[in-house]
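Student: Just so you know, the protein sequences line up as chains A and B, in that order. Residues in the first sequence are numbered from 17 upward in steps of one, following the working numbering. Residues in the second sequence are numbered from 17 upward in steps of one, following the working numbering. Glycine included, every Cβ here is placed at the ideal spot set by N, Cα and C.
Number of protein chains: 2
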Amino acid sequence: MLSFVEENYLKAIYHLSLNGKQEVSTNALAEEMRTTPASVSDMIKKLSQKSVVSYKKYQGVNISEDGRRLALHVIRKHRLWEVFLVEKLNFTWDQVHEVAEQLEHIKSPLLIQRLDEFLGHPKYDPHGDPIPDEHGNLIEKHRQPLDALSIGDQGVMTAVDDSSSSFLKYLDKMEIGIGSNIKVIDFIEFDGSMDIKVDDDKTLTVSSTVAQNILVAID
Amino acid sequence: MLSFVEENYLKAIYHLSLNGKQEVSTNALAEEMRTTPASVSDMIKKLSQKSVVSYKKYQGVNISEDGRRLALHVIRKHRLWEVFLVEKLNFTWDQVHEVAEQLEHIKSPLLIQRLDEFLGHPKYDPHGDPIPDEHGNLIEKHRQPLDALSIGDQGVMTAVDDSSSSFLKYLDKMEIGIGSNIKVIDFIEFDGSMDIKVDDDKTLTVSSTVAQNILVAID
DNA sequence: ATTAATATTTAGTTTAGTCTAAAAAAAATA
DNA sequence: TATTTTTTTTAGACTAAACTAAATATTAAT
Chain A
17 MLSFVEENYL KAIYHLSLNG KQEVSTNALA EEMRTTPASV SDMIKKLSQK
67 SVVSYKKYQG VNISEDGRRL ALHVIRKHRL WEVFLVEKLN FTWDQVHEVA
117 EQLEHIKSPL LIQRLDEFLG HPKYDPHGDP IPDEHGNLIE KHRQPLDALS
167 IGDQGVMTAV DDSSSSFLKY LDKMEIGIGS NIKVIDFIEF DGSMDIKVDD
217 DKTLTVSSTV AQNILVAID
Chain B
17 MLSFVEENYL KAIYHLSLNG KQEVSTNALA EEMRTTPASV SDMIKKLSQK
67 SVVSYKKYQG VNISEDGRRL ALHVIRKHRL WEVFLVEKLN FTWDQVHEVA
117 EQLEHIKSPL LIQRLDEFLG HPKYDPHGDP IPDEHGNLIE KHRQPLDALS
167 IGDQGVMTAV DDSSSSFLKY LDKMEIGIGS NIKVIDFIEF DGSMDIKVDD
217 DKTLTVSSTV AQNILVAID
C-alpha cells in the first residue's frame, strides 16, 4: 500500500514519462514535485523497493507495469471526482483540481465503483482528459509526429522525439512547447515544410525536420 | 491548521468529554485512540500549544472553545459525507463509517458548503445523529430508552444498551435498526410492553425488556 | 583528453507521530 | 500515615518525508 506522498510521486513519474522519454530524471521529478533532488533520490529508492519503478543509479527511473497500473488508478479517482465536483456540486473547472488532489487518495474500492455508477460511467473529465477504466486501461489519444498530419488537422503537443538542446532552444525561441495547440495550415510539397498556427494565435513555418520531431496528440 | 492525526485526537477528546466528565484522562484517550499513554501525553502537549485543549500535568485535558468548534466542524463533515454515501451512493449504514473517517479530513470549505446544498441541508445523518451547522452549533437530541416515552411520542433509534448477539439478532428479525423511526402506539400497563410503529410502516409489540434496551433520540 | 559544468547521490539533521522502558506523581489500601 | 497500585510523564529510539551541504558521477566544452 502506497502512502499519499508515494502516490503523488508515482503520478508525477507517470506524467513525465508520457510527456518526455520513458526515462525520468531526478531533477525533472524534483521540479515537478517542488522538492529537492536529494529528496527525490531517497523516494526513488523506496518506490524501487516496492517495485513500482525500476531504477539504476544516475540513470533516472522507469515506471513499472505495476506502477503504471497504480498511477492510472489514482488518476481514475482524480478524474471521477472532478466530474462529480463539476456536474453535481457546480464547481468551475479551475476550482476542481486542488480538491480532487485530496479526494484522489481516499481508499475505498466500493466508493469509486459507486461514484462511477452515480456519475453514469463518464469517459472524460471536465478538461476533456480520458478516465482510465477500473483495470487501468486508458483510451490514449493517438500520438503522431506533426509531419504525419494533413492540412486542417490539429493536435496538442505532448512530446519531442529529438531532445537535443539545439532543438529545444529552437522550440523555445518559437514559443512552442508541451501543451501548445498546433493546427496545420499548409503543407509545402517541395521541401516538406509546414505552415502551422500555434494556440490559435501566431502562424509560422517549420521545416520538415522540425515537424518530424514534434509529437502531437489528436483526439 | 491541524493535521489528520490531530483532528482525530480532538474528535476523540470531544466525544469522551460528552460521554463522561469534561476532564478526559490520558489512559481513556489512549484506549479510544488505540495507542499508548505515552503517545497521548506527547500529543496533548502539541494540542495544548495550539490552544485547542487546556491541560495541567497529571490532571487530564479539557477541550477549549476553539477546540470544540474545530471538533464539531470535523463531525459536521463526517456526517454530511455519511448522508451522501447512503442517499446518493446507496451505501448501507454499516459501510459508511470507515470511508467517512477518511473523507472528513478533506480541506475545502467550498466543498462542504456545496455538498450541504446538494444534499438539501440535512439535519441528521443516517444513524439519526444531528449534523452541526457551519458555526459549530449542534442541536443535541435528548436520548432516552424507548420505555421512557409516552403514547404518541416518536423518535429515531440511535443505539442499543444491550449489545448481546441474541438481542441484535432479535432486532434484525424484527427489522428494527439504527435509524428506524419508532412511534409509540400503545403502552400496556400490565407488563410494561409496548405497541410501536416502525418507519410509519409495520406495527409490532415489544416487551418491557426490549423497550428498555432500545435508545431513541427525540427532537 | 582534460577540465568545467551539471546532475545525482550520500551524509547528517529536522519534524510528526509512534513506541518501550523507566521515573515520578496521584490514588487506593492497609 | 505509610505503602502499594495505578496513572501519567519523561527519556530515548524508530520511521517517513523533508532539508542542506558535501561528495561523486556524468555530460559538455575547450
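(1) Name the residues in the region 20 to 32 of chain A whose C-beta lies less than 9 Å from a C-beta of chain B; which are they?
(2) Assess, as a yes-or-no matter, whether the region 156 to 163 of chain B is touched by the region 128 to 137 of chain B under the definition of 3 or more beta carbon pairs within less than 8 Å.
(3) List, in order along the chain, the chain A residues whose C-beta lies closer than 9 Å to that of L115 of chain B?
(4) Starting from K213 of chain B, follow the beta strand (DSSP E) in both directions and report where the run begins and ends.
(5) So which residues on chain B does Q118 of chain A lean against when the C-beta distance must stay under 8 Å?
(6) Counting beta carbon pairs with one atom in the region 168 to 185 of chain B and one in the region 218 to 234 of chain B, are three or more of them shorter than 8 Å?
(7) To the nearest angstrom, how far is the alpha carbon of Y140 of chain A from that of H89 of chain A?
(8) Cα-Cα, which of A:L32, A:E114, A:N35, A:E120 is closest to S19 of chain A?
(9) From the beta carbon of K104 of chain B, is the nearest beta carbon of chain A less than 9 Å away?
(10) Can you give me the start and stop residues for the beta strand (DSSP E) that Q158 of chain B sits inside?
(11) Measuring only between beta-carbons, confirm whether E98 of chain A sits less than 9 Å from chain B.
(12) Can you name the start and end residues of the alpha helix (DSSP H) that S70 of chain B belongs to?
(13) Can you tell me whether T97 of chain A is buried or exposed, with buried defined as 16 or more other CB within 10 angstroms of its CB?
(14) For the ligand COA, I want to know if I91 of chain A counts as a neighbour, meaning its beta carbon is within less than 8 Å of at least one of the ligand's heavy atoms.
(15) Could you have a look at Y140 of chain B and say whether DSSP puts it in helix, strand or coil?
(16) Using three-state DSSP, classify P146 of chain B as helix, strand or coil.
(17) Kindly indicate if chain B contains any beta-carbon less than 9 Å away from that of E133 of chain A.
(18) Would you mind stating whether L63 of chain A and I91 of chain A have Cβ atoms separated by less than 9 Å?
(19) Between the beta-carbon of L32 of chain B and the beta-carbon of A44 of chain B, is there less than 9 Å?
(20) Using a 10 Å radius around the Cβ and a threshold of 16 neighbouring Cβ atoms, would you call L131 of chain B buried or exposed?
(21) Which stretch, first to last residue, makes up the alpha helix (DSSP H) that contains I60 of chain B?
Tutor: According to the data block:
(1) Taken residue by residue, none of the region 20 to 32 of chain A has a beta-carbon sitting less than 9 Å from a beta-carbon on chain B.
(2) no
(3) Reading the sequence as shown, one finds Val at residue 115 of chain B and not Leu. Going along chain A in sequence order, the residues near V115 of chain B (Cβ under 9 Å) are I122, K123, S124, L126, L127.
(4) 210 to 214
(5) I122, K123, S124
(6) yes
(7) 15 Å
(8) Of the candidates A:L32, A:E114, A:N35, A:E120, the one whose C-alpha sits nearest the C-alpha of S19 of chain A is A:E120.
(9) Chain A contact via Cβ: present.
(10) This sequence places His at residue 158 of chain B; Gln is not what is there. Taken as a continuous stretch (DSSP letters only), the beta strand (DSSP E) holding H158 of chain B covers 158 to 161.
(11) no
(12) No alpha helix (DSSP H) contains S70 of chain B, which is instead part of the beta strand (DSSP E) from 69 to 71.
(13) First, the amino acid is wrong: residue 97 of chain A is Trp here, not Thr. With 16 or more Cβ atoms within 10 Å of its Cβ, W97 of chain A is classed as buried.
(14) Inclusion of the ligand COA in the displayed structure is not the case, the ligand content being empty and no account of it being possible.
(15) Of the three classes helix, strand and coil, the one that applies to Y140 of chain B here is strand, per DSSP.
(16) strand
(17) yes
(18) For L63 of chain A and I91 of chain A, no; Cβs fall outside 9 Å.
(19) yes
(20) buried
(21) 53 to 65
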